[in-house]
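K.L.:
My structure is below; once you've seen it, I'll send some questions.
There are 2 protein chains.
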Amino acid sequence: MPRAARLPSRQDFPVHQVRRYLEPGPIVLVSSAYRRQRNIMTMGWHCMMEFAPSLLGCVISSGNHSFELIRKSRECVINLPTAALIDQVVGIGNCSGAEGDKFERFGLTALPAQQVGAPLIGECHASFECRLHDGRLVGKYNYFIFEVVKAHVARTPKNPQTLHYKGNGEFMLAGEVVSRRAKFHREYL
Amino acid sequence: MPRAARLPSRQDFPVHQVRRYLEPGPIVLVSSAYRRQRNIMTMGWHCMMEFAPSLLGCVISSGNHSFELIRKSRECVINLPTAALIDQVVGIGNCSGAEGDKFERFGLTALPAQQVGAPLIGECHASFECRLHDGRLVGKYNYFIFEVVKAHVARTPKNPQTLHYKGNGEFMLAGEVVSRRAKFHREYL
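Keeping their order, the protein sequence lines are chains A and B.
In terms of UniProt numbering, the first sequence opens at residue 1 and continues consecutively.
In terms of UniProt numbering, the second sequence opens at residue 1 and continues consecutively.
Structural data, given as C-alpha cells:
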C-alpha cells in the first residue's frame, strides 16, 4: 500500500485530558513491540476509567498476534486514525502480524515514543503512550488497564473525523460537534 | 421539561449483537431502581467485553446517586438516546437523583423491563437490560461488568444519530455510515 499523506505536526497534550479523544469511542490502532517484533492491531473495545492517573481499559483478544507482545512488554501505544486512514484500518484489522510487518505493508511511519518501547504511528491524529497499570483481568477477560503516560496530538483539525466501528464491516464517521457548555455545571466540565 | 416526542416502536434484538450500538461509543442513559427509588444518569465510559455472554464494562462513579441503587440491585438498563434528546441528556447529567425523580423532571417514560427491575426509558432508540456479571473491580475502579440479558431496539432509523461526549460540554453527533464489508474476512465480520 502506498505511503499515506505526510505526517501531521503533533505536540504534547495533557494526559488527564485524553478523554477528549477517546471517550467518543473511536476505533484505534494499537502499536506494540517486544524484542525484535513489532505490530499494529485495530481495537474498538476500550473505556476511559480515570482522569488522574489517566487510565484506559481495553480488550485485546488473546487470539491477536499483538496480545503476547503487549502482555510481555507491558506497554503499547494507542493511536487515533481519522477517516483518511480507513483503508489502512480495515487492512490492519484483516491480516495478522504473523504474516509480516504491518508498518511496511501499510506504508505507515514508526516514530520513537518517549516513555515506552512501542512505536508511535506518525500518520495518526494522536498517539497515547501507555504502560500496563493493572493486569488482573487479562487472564479472564483479556482486559488490560493501561495508564496513559504521554500524549501527542495534532494541532489541527480541532475535531478530527474519527472512525467508529459498528460491526458488520460498517463505520460511522464522526459528524458535527455541538456545544452545550453553557448548560453544564462548571465542576462537571 | 415537556414530554419528548412519542415513543419509538421497539422490538427484540439479539443480545450478542449489541456491539452494533455500543461499540461506536455513544453517551448512554443508565436507569436503575432499588426498593422505592429509581434514577437516571448519563454515562460515557463503557466498553464491550464479550459477545456471548454479551458483556459490557462501565464506570459508574461512587459519587453518583445511581451508584448505590445499581450496586445493591445488581441491575440496570443501558438506554441509547439520539440527538433529539440532547437537552435531556445534558440536564440529567447536571443534576442529582437526590433532588427528585428524573423521569418526571425530564418528561421521560418509564416502561417495565422484562428481566430486571430497573425501568426502560421509552423515548430512547434502544434499551439494554443488564445484570451484574462481575463486581470485582467496583471497589477499586467503580467498574461494573454487566451482562446484557435482553435488548430492545427501534426498527427505524437503521443508523440513529447518537451523541458522543468529548468533554468540555461538547458532543460529536454521529455522521455518515460507510461500509467496507467487502474488504473484511467473513470470520471477522
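All residues carry an ideal CB built from backbone N, CA and C; glycine is no exception.
As the structure is a prediction and not an experimental result, all values here were calculated from the model.
Among B:22, B:163, B:53 and B:158, which has the Cα closest to the Cα of residue 133 of chain B?
P.N.:
Answer by Cα proximity: B:53.
K.L.:
Which partner residues does residue 34 of chain B have in the DSSP bridge list?
P.N.:
For residue 34 of chain B, which the question treats as bridged, DSSP gives the partners B:37.
K.L.:
How should residue 64 of chain A be labelled, buried or exposed, when 16 other C-beta atoms within 10 angstroms of its C-beta is the threshold for buried?
P.N.:
When all chains shown are included, residue 64 of chain A counts as buried.
K.L.:
Please confirm whether residue 57 of chain B and residue 57 of chain A have their CB atoms less than 8 Å apart.
P.N.:
Yes; because the gap between Cβ atoms is below 8 Å, this pair is in contact.
K.L.:
Is residue 67 of chain A close to chain B? Criterion is C-beta to C-beta, closer than 8 Å.
P.N.:
No, residue 67 of chain A does not count as interfacial toward chain B.
K.L.:
Beta carbons nearer than 8 Å to chain A: which residues of the stretch 73-107 of chain B have them?
P.N.:
So the list reads 86, 87, 90, 91, 93 and 94, given in the order they occur along the chain.
K.L.:
Could you spell out the range, first to last residue, of the alpha helix (DSSP H) harbouring residue 69 of chain B?
P.N.:
Looking at the DSSP string, the run of the alpha helix (DSSP H) that includes residue 69 of chain B is 65-73.
K.L.:
With a CB to CB cut of under 6 Å and the five nearest residues on each side skipped, what residues in its chain are close to residue 21 of chain B?
P.N.:
Cβ within range, chain order: 80 and 126.
K.L.:
How far does the alpha helix (DSSP H) with residue 88 of chain A in it reach, from first residue to last?
P.N.:
86-93 is the extent of the alpha helix (DSSP H) around residue 88 of chain A.
K.L.:
Which residues in chain A have a C-beta closer than 9 Å to the C-beta of residue 52 of chain B? List them in chain order.
P.N.:
None at all; the shortest Cβ gap to chain A is about 13 Å.
K.L.:
Does the distance from the C-beta atom of residue 173 of chain B to that of residue 176 of chain A stay below 8 Å?
P.N.:
A contact, by the Cβ cut-off of 8 Å.
K.L.:
Within 10 Å of its beta-carbon, does residue 13 of chain B have 16 or more other beta-carbons around it, so buried, or fewer, so exposed?
P.N.:
It is buried - the Cβ of residue 13 of chain B has at least 16 other Cβ atoms within 10 Å.
K.L.:
Taking one C-beta from the stretch 161-171 of chain A and one from the stretch 136-148 of chain A each time, how about it: are there three or more such pairs within less than 8 Å?
P.N.:
In short, these stretches do not touch, since the Cβ pair count stays below three.
K.L.:
Measure from the alpha carbon of residue 183 of chain B to the alpha carbon of each residue in A:92, A:8, A:115 and A:113, then state which is nearest.
P.N.:
Ranking A:92, A:8, A:115 and A:113 by Cα distance to residue 183 of chain B puts A:92 first.
K.L.:
Count the other CB atoms, across all protein chains shown, that sit within 10 Å of the CB of residue 61 of chain B; report buried if there are 16 or more and exposed otherwise.
P.N.:
That one is exposed.
K.L.:
Using alpha carbons as the reference points, say which of A:66, A:27, A:41 and A:40 lies closest to residue 47 of chain A.
P.N.:
Checking every option, the nearest Cα to that of residue 47 of chain A belongs to A:27.
K.L.:
Just curious, the beta strand (DSSP E) that residue 105 of chain B is in, first and last residue?
P.N.:
Not the beta strand (DSSP E): residue 105 of chain B falls in the alpha helix (DSSP H), residues 102-105.
K.L.:
Can you tell me where the beta strand (DSSP E) holding residue 140 of chain B begins and where it ends?
P.N.:
Unbroken run through residue 140 of chain B is the alpha helix (DSSP H), 138-141; no beta strand (DSSP E).
K.L.:
Sorted by chain position, which residues of the same chain lie with C-beta nearer than 8 Å to residue 189 of chain A's C-beta, five sequence neighbours on each side aside?
P.N.:
Excluding residues within five positions, the ones whose Cβ falls inside 8 Å are 181.
K.L.:
Measuring straight from C-alpha to C-alpha, what distance separates residue 149 of chain A and residue 155 of chain B?
P.N.:
Spanning the two alpha carbons is a distance of roughly 43 Å.
K.L.:
Under 8 Å, Cβ to Cβ, is there at least one residue of chain A near residue 178 of chain B?
P.N.:
Closer than 8 Å: yes.
K.L.:
Where does residue 119 of chain A land, buried or exposed, given buried means 16+ other C-beta within 10 angstroms?
P.N.:
With 16 or more other Cβ atoms within 10 Å, it is buried.
K.L.:
Within 10 angstroms of the Cβ of residue 171 of chain A, are there 16 or more other Cβ atoms? Answer buried if so, exposed if not.
P.N.:
It is buried - the Cβ of residue 171 of chain A has at least 16 other Cβ atoms within 10 Å.
K.L.:
In the stretch 20-31 of chain A, which residues sit with their C-beta less than 9 Å from some C-beta in chain B, listed in chain order?
P.N.:
Residues 20, 21, 22, 23, 24, 25, 26 and 27.
K.L.:
Determine the burial state of residue 51 of chain A: buried for a count of at least 16 other Cβ atoms within 10 Å of its Cβ, exposed for fewer.
P.N.:
Residue 51 of chain A should be labelled exposed.
K.L.:
Show which residues of chain B have a CB atom less than 9 Å away from the CB atom of residue 166 of chain A.
P.N.:
Result: 19, 20, 21, 23, 24, 159 and 177.
K.L.:
Among A:11, A:178, A:124 and A:70, which has the Cα closest to the Cα of residue 163 of chain A?
P.N.:
Per the Cα distances, A:124.
K.L.:
Just how far apart, CA to CA, sit residue 131 of chain B and residue 112 of chain A?
P.N.:
Spanning the two alpha carbons is a distance of roughly 44 Å.
K.L.:
Ends of the alpha helix (DSSP H) at residue 19 of chain B?
P.N.:
Segment 19-22, the alpha helix (DSSP H) holding residue 19 of chain B.
K.L.:
Could you work out which residues of chain A lie near residue 132 of chain B, taking near to mean beta carbons separated by less than 8 Å?
P.N.:
The premise fails here: residue 132 of chain B is roughly 15 Å from chain A at the closest Cβ pair, so nothing lies under 8 Å.
K.L.:
Does any residue of chain B bring its CB to less than 8 Å from the CB of residue 117 of chain A?
P.N.:
Not closer than 8 Å to any Cβ of chain B, the Cβ of residue 117 of chain A fails to qualify, so no.
K.L.:
Near residue 116 of chain B, what residues of its chain come up, given a Cβ to Cβ distance below 6 Å and the 5 sequence neighbours on each side ignored?
P.N.:
Only 75 and 129 meet the Cβ criterion.
K.L.:
Return the residue from the list B:186, B:160 and B:67 that minimises the CA-CA distance to residue 83 of chain B.
P.N.:
Comparing Cα-Cα distances from residue 83 of chain B to each of B:186, B:160 and B:67, the minimum goes to B:160.
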